[in-house]
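Protein chains: 2
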Amino acid sequence: MASSPTTPSSMFPRFLSFAYGVLIFSSFCHCRRLQDSLKGLTLDSVRDFLTREEDTIVFSLIERAKYPYNSPTYDPSYLHGKFSLVEIFVRETQAVQAKAGRYQNPEEIPFFPNNLPLSTLAPPYKFPQVLYPAAASVNVTKTIWTMYFNDLLSLFTTRGNDGNYALTAASDLVCLQALSRRIHYGRFVAEAKYRDAPQDYNPAIRAQDKDALMKLLTSESQEELVKRRVKKKAMVFGQDITLDENDTGDSNSNRTNYKVDPSIAYHLYGDWVIPLTKLVEVEYLLHRLD
Amino acid sequence: MASSPTTPSSMFPRFLSFAYGVLIFSSFCHCRRLQDSLKGLTLDSVRDFLTREEDTIVFSLIERAKYPYNSPTYDPSYLHGKFSLVEIFVRETQAVQAKAGRYQNPEEIPFFPNNLPLSTLAPPYKFPQVLYPAAASVNVTKTIWTMYFNDLLSLFTTRGNDGNYALTAASDLVCLQALSRRIHYGRFVAEAKYRDAPQDYNPAIRAQDKDALMKLLTSESQEELVKRRVKKKAMVFGQDITLDENDTGDSNSNRTNYKVDPSIAYHLYGDWVIPLTKLVEVEYLLHRLD
Chain A
1 MASSPTTPSS MFPRFLSFAY GVLIFSSFCH CRRLQDSLKG LTLDSVRDFL TREEDTIVFS
61 LIERAKYPYN SPTYDPSYLH GKFSLVEIFV RETQAVQAKA GRYQNPEEIP FFPNNLPLST
121 LAPPYKFPQV LYPAAASVNV TKTIWTMYFN DLLSLFTTRG NDGNYALTAA SDLVCLQALS
181 RRIHYGRFVA EAKYRDAPQD YNPAIRAQDK DALMKLLTSE SQEELVKRRV KKKAMVFGQD
241 ITLDENDTGD SNSNRTNYKV DPSIAYHLYG DWVIPLTKLV EVEYLLHRLD
Chain B
1 MASSPTTPSS MFPRFLSFAY GVLIFSSFCH CRRLQDSLKG LTLDSVRDFL TREEDTIVFS
61 LIERAKYPYN SPTYDPSYLH GKFSLVEIFV RETQAVQAKA GRYQNPEEIP FFPNNLPLST
121 LAPPYKFPQV LYPAAASVNV TKTIWTMYFN DLLSLFTTRG NDGNYALTAA SDLVCLQALS
181 RRIHYGRFVA EAKYRDAPQD YNPAIRAQDK DALMKLLTSE SQEELVKRRV KKKAMVFGQD
241 ITLDENDTGD SNSNRTNYKV DPSIAYHLYG DWVIPLTKLV EVEYLLHRLD
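One line per chain: the protein sequences are A and B, in this order.
The first sequence lines up with residues 1 to 290 when you count with full-length UniProt numbering.
The second sequence lines up with residues 1 to 290 when you count with full-length UniProt numbering.
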C-alpha cells in the first residue's frame, strides 16, 4: 500500500528510504567487522607493539651508523640532477616489496605511493581491518622523509665516504620504514584509545578541536618513560659486548663507546617520533566520526 | 746488439723475453697495489670487522623472529611451482641493489649473480683491491642459502602465519646478506693471515693440502670465545629492556624471554658460520700462489 501523503514517512521518497536502509545495514556490517577485528586491538597490544618497535628503530640506527654519511647517496647531481640515488633506490625497492604484498598490511605505508605495482607475487591473506575507514588515510611520510634526511641523519653518522652507497641507501630505507611504521601506528593507538573511552573523545571530535584532542592524548610522564627507555636501549644494544664477567651489559657503565649516541635516540623520540605519532593520532580522531 | 748464440739468453726468443718482462713488471705493479691496499688490512682490522658483524647477524635474526615462519613465503606452489616468493624477492631486490653498486664492493657477493644489471646508478668509487685475484672468486652462497632455509630458519621462528610475507622475505634477505658477508669475509681473513706469516702457509699451499691448511687456520679456544660472545650478544640484544634500575641488561638474569634463543646463536656460529668461514679461508689459500 502506498504511504499516506499525510504521514511523516511520505517525506521520504521510496528509493531514499531503501538507500537509507542499505546504509544502516552496511554500517551495521562494518561495525560488526570492526568489532571482530578489535578483539585483537587493545591498549595492551598497542603498547607491546610500540615497545617492540623501539628495538627495531634502535637496531636500524645502529646498522646505518656502520657507514659514514656517504653524501653521494643523497646528491642528485650524480644522476642528472633530478633524483638522488637514495630516492631511486627507495622507489624501486618499494616496487619490489609492493609486488610481494607489503602494502596489503594496513600497518605499512609506502613513501612513494604513485604507480606502485599490484601485489602480484603475494599469496592471498586477509589482514584484519581494524581502522575506521574514513580516518585510515592519515599520512605523514613526507614529513618523516624530510626529518630523516635534513635533521636526523647527520646527527648519528660520522662524516666521510666509504663508497658503500647501496648499503647506505638500504640501511636508510630500513630506518625510514621502521620510523614510518611506528609513527603511522598512531592510527591504531588512536583507535584503541577511542574504543576504550569514546565518551572522552566525542565532544572534541564533534568540535574538531585539535588542541583538546592533543591534550587528551598527551601524558608527559608516560612520554618521559618512553624516551628514557629508548635511550637505555641505545646504550644496551649499541655497546661493545665482551666476555668480561663483570661486563653484563650495564648501561650505567662509562667505559663504552656507544655505536649511536643514546641522547640522540632520546631526542629522536622526544622531538620527532612522539610528536609525529600524536599528530597522526589527532588527525585520525578528527575523522573518527565522519 | 743481438745476443751471442753462445750466451744462455739465446735460449729465450726475443718476444718471450719481452713478455716475461711485462709479466714481471705487471706482477710488480700488482704487488705494489696489493701492498698499498693491505696497509688497511691487518689482523686487528679483520678481527674488528668480524666482531662488529656479529652484532649485525644477531640483530638480523631478532628482526626476522618478529614474524612467524610464514610458510607461503617459501612455497613455490603459490607462483605456478617454479620459484617461491622469497626467491623472486631476493632476485629482484638484488637487481635494484646491483644498479646502486652494491657488488662493486668486493666484500659483497650476490646470491643470484646471473643477469644482474650494471651499476648504472652508483656514483663512482674505487674500492681497494685487497684480495689476491686468482683466489678472490671463492663462493659458498648456495651452501648458505640451503643452510638458512633448510636448517636454521625453523629453529628461531615460531610456527604460524601472519600474512607479512614481504616483510618476512625482506628480513630473510637481511639475514642472508649478513651471514654471507661474514662467511665470505674469510677471504680477507685468509689474506691477512697469509700476509702476516706467508712462510707458515706456503708449504701446505704448494702441497694443496687442505687438512694442513685447516689445521693452521683453526684455534679451538678462539672459536669457543667467539661462540660464547655471540651467545651473550643474543642475550643482551634480545632481552626486553625495562627501566627497572636493577635491570642493567644483565645477561645472567633468568627473568628474560629472549627474542632469539641464545643457544641457537651459539650453534649457528659453531655449526655453520665458523666452519663455512674456514672453508672459504682454505679455498682462498689453495689459490693464493696461483
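Note that CB positions come from ideal geometry on N, CA and C, so glycine has one too.
All figures in this text were calculated on a predicted structure; none of them were measured in a lab.
What is the residue span of the alpha helix (DSSP H) that residue i lies within?
i	result
B/W145	141–146
A/G186	186–196
B/A284	It is Tyr, not Ala, that sits at residue 284 of chain B in the sequence shown. Unbroken alpha helix (DSSP H) run through B/Y284: 274–286.
A/H267	262–267
B/V138	Run containing B/V138: none; DSSP gives neither H nor E here.
B/D55	43–64
B/K259	Counting along the chain, B/K259 falls outside any alpha helix (DSSP H), and DSSP gives it neither H nor E.
A/D211	210–217
A/L243	Neither: A/L243 is in no alpha helix (DSSP H) and is coded neither H nor E.
B/A98	85–99
B/Q222	220–237
A/S154	153–156
When you compare the CB positions of residue i and residue j, do they come within less than 9 angstroms of one another, or not?
i	j	result
A/L243	B/R229	yes
B/T56	B/A178	yes
B/A197	B/S45	no
B/L85	A/L121	yes
A/Y67	B/P123	no
B/G40	B/P128	yes
B/T97	A/F111	This sequence places Gln at residue 97 of chain B; Thr is not what is there. Their beta carbons are not under 9 angstroms apart, which means B/Q97 does not touch A/F111 by this criterion.
A/F59	B/I62	yes
B/L286	B/Q208	yes
B/R64	B/S171	yes
A/K233	A/V282	no
B/Y165	A/Y125	yes
A/K227	A/Y269	yes
A/P117	A/A136	no
B/V280	B/A212	no
B/P76	B/E87	yes
B/Y284	B/L131	yes
Quick check on residue i - is its C-beta less than 9 angstroms from some C-beta in chain A?
i	result
B/K47	For the record, residue 47 of chain B in the displayed sequence is Arg; it is not Lys. Chain A contact via Cβ: absent.
B/T157	no
B/K259	yes
B/R33	Interpretation of B/R33 is limited by its pLDDT of 48, a score under 50 that renders its predicted location unreliable; the figure taken from the coordinates is listed afterwards. Judged by the 9 angstroms Cβ criterion, B/R33 is not in contact with chain A.
B/K66	yes
B/E281	no
B/I241	yes
residue 301 of chain B	In this structure chain B extends from 1 to 290, so residue 301 of chain B is not present and cannot be described.
B/P123	yes
B/P113	no
B/F149	no
B/F237	yes
B/D196	no
B/F59	yes
B/H187	Residue identity check: residue 187 of chain B is Arg in the sequence provided, not His. Cβ-Cβ to chain A under 9 angstroms: no for B/R187.
B/I62	yes
B/L131	no
Does any CB atom of chain B fall closer than 9 angstroms to the CB of residue i?
i	result
A/K232	yes
A/F127	yes
A/H287	no
A/K99	yes
A/G270	no
A/Q208	no
A/D55	yes
A/A204	no
A/V273	no
A/N139	no
A/D75	yes
A/R52	yes
contact_flag[the segment 153–162 of chain B, the segment 100–109 of chain B] where n(CB pairs < 8 angstroms) is 3 or more = no
Determine, using beta-carbon pairs with one atom in the segment 170–184 of chain B and one in the segment 140–149 of chain B, whether at least three such pairs fall under 8 angstroms.
-> Contact between the segment 170–184 of chain B and the segment 140–149 of chain B is established, with three or more Cβ pairs separated by less than 8 angstroms.
Is the segment 204–212 of chain B touching the segment 160–168 of chain A, taking contact as three or more C-beta pairs under 8 angstroms?
-> no
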